[in-house]
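Working notes, structure below.
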Amino acid sequence: MIEILNASELARAKEAGALVANILQTVKSRSTVGTNLLEINQWTKEMIAEAGGVSCYVDYEPPFGRGPFGAYICTSVNDAVLHGLPHDYSLADGDLLSLDLAVSQRGIVADSAISFIVGESKPAESVAMIDATERALTAGIAAARPGARIGDISAAIGSVLSAAGYPINTEFGGHGVGSTMHQDPHVANTGRPGRGYVLRPGLLLALEPWVMADTAELAVDADGWTLRSATGCRTAHSEHTIAITDDGAEILTLRQET
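Mapping the sequence shown onto UniProt numbering, position 242 (from 1) lands on 242, and the numbers just tick up by one.
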């Protein structure tokens, strides 16, 4: 299903985007050495409830998971990159933490992810990997405009990731959003320009470049959810929800860094 949102729905999408951005920034500011992933999940649960939002994750039960997910945010540490199920783990100095959050606000969903390093240690390779996903996300957003195609976005993302030397997995990528969290079209993190669905004003897309340092292969944890690099290397993940407008793309989950 591909939804094209009207003006009223787009206004609600902006509300959802602002909520997601605020929660992620708040959780990032609170995540220090010693913070437990279960604390992050509880903070997120409370902030969603206070805002009158609805979690897209807690009851999420797709065919590839061992569901329902049962938590309110994805917390992926170091070699974990996607669908990290919060568990009893306290963050250490130098950990690379990826947070992925999707919330529905008044019936419309926004989805975003950030990666950052906890504490004072800043391993250069981890910093470079995070930077590559953020630059790829910026390139993908720049390619998203009315009349462009999904392949144009994928090619823009993939060119940045490839130039940075990272293998690219195409099993999981960006996607449409709207009244539900995951919709068509799929937006792979590499592709050929000029191919795929033609972008129209009112379309919402969640673009999410993610990479693993030295592999494109994933391994699944015993929890049935957490996806890790098959080699144990570090990973990074960046995501924004955007709205296609008459003038290009508007980022709905843009954060005010503190």
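Glycine residues also receive a C-beta, built at the ideal position from the N, C-alpha and C atoms.
Everything numeric in this text was worked out from a predicted model, so none of it was measured.
Is it right to say residue 2 is buried, meaning 16 or more other beta carbons lie within 10 angstroms of its own, or is it exposed? On the sequence shown, residue 2 is found 2 positions in, with the first residue counted as 1. When all chains shown are included, residue 2 counts as exposed.
With a 10 Å radius around its C-beta and 16 neighbouring C-beta atoms as the bar for buried, classify residue 173 as buried or exposed. Your numbering for residue 173 matches position 173 in the sequence shown. Residue 173 comes out buried.
Looking only at its own chain, which residues have a Cβ that is under 6 Å from the Cβ of residue 25, when we skip the five neighbours before and after it? Taking the sequence shown and counting its residues from 1, the one referred to as residue 25 is at position 25. The residues are 255.
Backbone secondary structure at residue 334 - three-state DSSP: Not covered by the structure: residue 334. The range shown for the chain is 1 to 258.
Given a cut-off of 8 Å, decide if residue 215 and residue 229 are closer than it, judged by their beta-carbon atoms. Numbered from its first residue, the sequence shown carries residue 229 at position 229. Numbered from its first residue, the sequence shown carries residue 215 at position 215. Cβ distance < 8 Å, so residue 229 and residue 215 count as in contact.
For the structure I just gave you, are there three or more beta carbon pairs, one from the region 195 to 207 and one from the region 217 to 224, closer than 8 Å? no
With 8 Å set as the bound, which would you pick, yes or no: does the beta-carbon of residue 163 sit closer than that to a beta-carbon of chain D? This model lacks chain D altogether; it includes just one protein chain.
Could you tell me whether the Cβ atoms of residue 81 and residue 227 are closer together than 8 Å? For the purposes of this step, residue 81 is identified with residue 81 of the sequence shown, where counting begins at 1. For the purposes of this step, residue 227 is identified with residue 227 of the sequence shown, where counting begins at 1. Cβ distance < 8 Å, so residue 81 and residue 227 count as in contact.
Per DSSP, which residues does residue 104 bridge with? Please list them. Taking the first residue of the sequence shown as position 1, residue 104 is located at position 104. According to DSSP, which records beta bridges pairwise, residue 104 is partnered with 54, 109.
Distance, residue 122 Cα to residue 116 Cα: On the sequence shown, position 116 is the one that residue 116 refers to. On the sequence shown, position 122 is the one that residue 122 refers to. Cα to Cα, residue 116 sits roughly 9 Å from residue 122.
Tell me which residues share the same chain as residue 248 and place their Cβ nearer than 6 Å to its Cβ, disregarding the 5 neighbours each side in the sequence. On the sequence shown, residue 248 is found 248 positions in, with the first residue counted as 1. Excluding positions up to five away in sequence, the list reads 145.
Counting along the chain, where does the beta strand (DSSP E) carrying residue 229 start and finish? Within the sequence shown, the letter at position 229 stands for residue 229. Taken as a continuous stretch (DSSP letters only), the beta strand (DSSP E) holding residue 229 covers 227 to 229.
Neighbour-count burial assignment, residue 246, 16 or more Cβ in a 10 Å radius: As a working mapping, residue 246 is identified with position 246 in the sequence shown. With fewer than 16 other Cβ atoms within 10 Å, it is exposed.
Neighbourhood of residue 54 by C-beta distance below 6 Å, restricted to the same chain and skipping five residues each side: One-based indexing of the sequence shown puts residue 54 at position 54. Correct list, in chain order: 104.
Taking 8 Å as the cut-off, does the region 63 to 79 touch the region 88 to 99 (at least 3 CB pairs, one atom from each stretch)? yes
Backbone secondary structure at residue 174 - three-state DSSP: Translated into the one-based positions of the sequence shown, residue 174 becomes position 174. Here residue 174 sits in strand by DSSP.
Can you list, in chain order, the stretches of the alpha helix (DSSP H) that have 4 or more residues and sit fully within the region 109 to 196? 124 to 143, 150 to 163
How about residue 150 and residue 187: are their beta carbons less than 8 Å apart? Start at 1 with the first residue of the sequence shown, and residue 150 comes out as number 150. Start at 1 with the first residue of the sequence shown, and residue 187 comes out as number 187. In this structure, residue 187 lies closer than 8 Å to residue 150 by Cβ.
Determine the extent of the alpha helix (DSSP H) in which residue 218 is found, giving its start and end residues. For the purposes of this step, residue 218 is identified with residue 218 of the sequence shown, where counting begins at 1. No alpha helix (DSSP H) holds residue 218; the beta strand (DSSP E) holding it covers 218 to 220.
Please list the terminal residues of the continuous beta strand (DSSP E) segment that includes residue 250. The sequence position of residue 250 within the sequence shown is 250, counting from 1. Counting along the chain, the beta strand (DSSP E) containing residue 250 begins and ends at 248 to 251.
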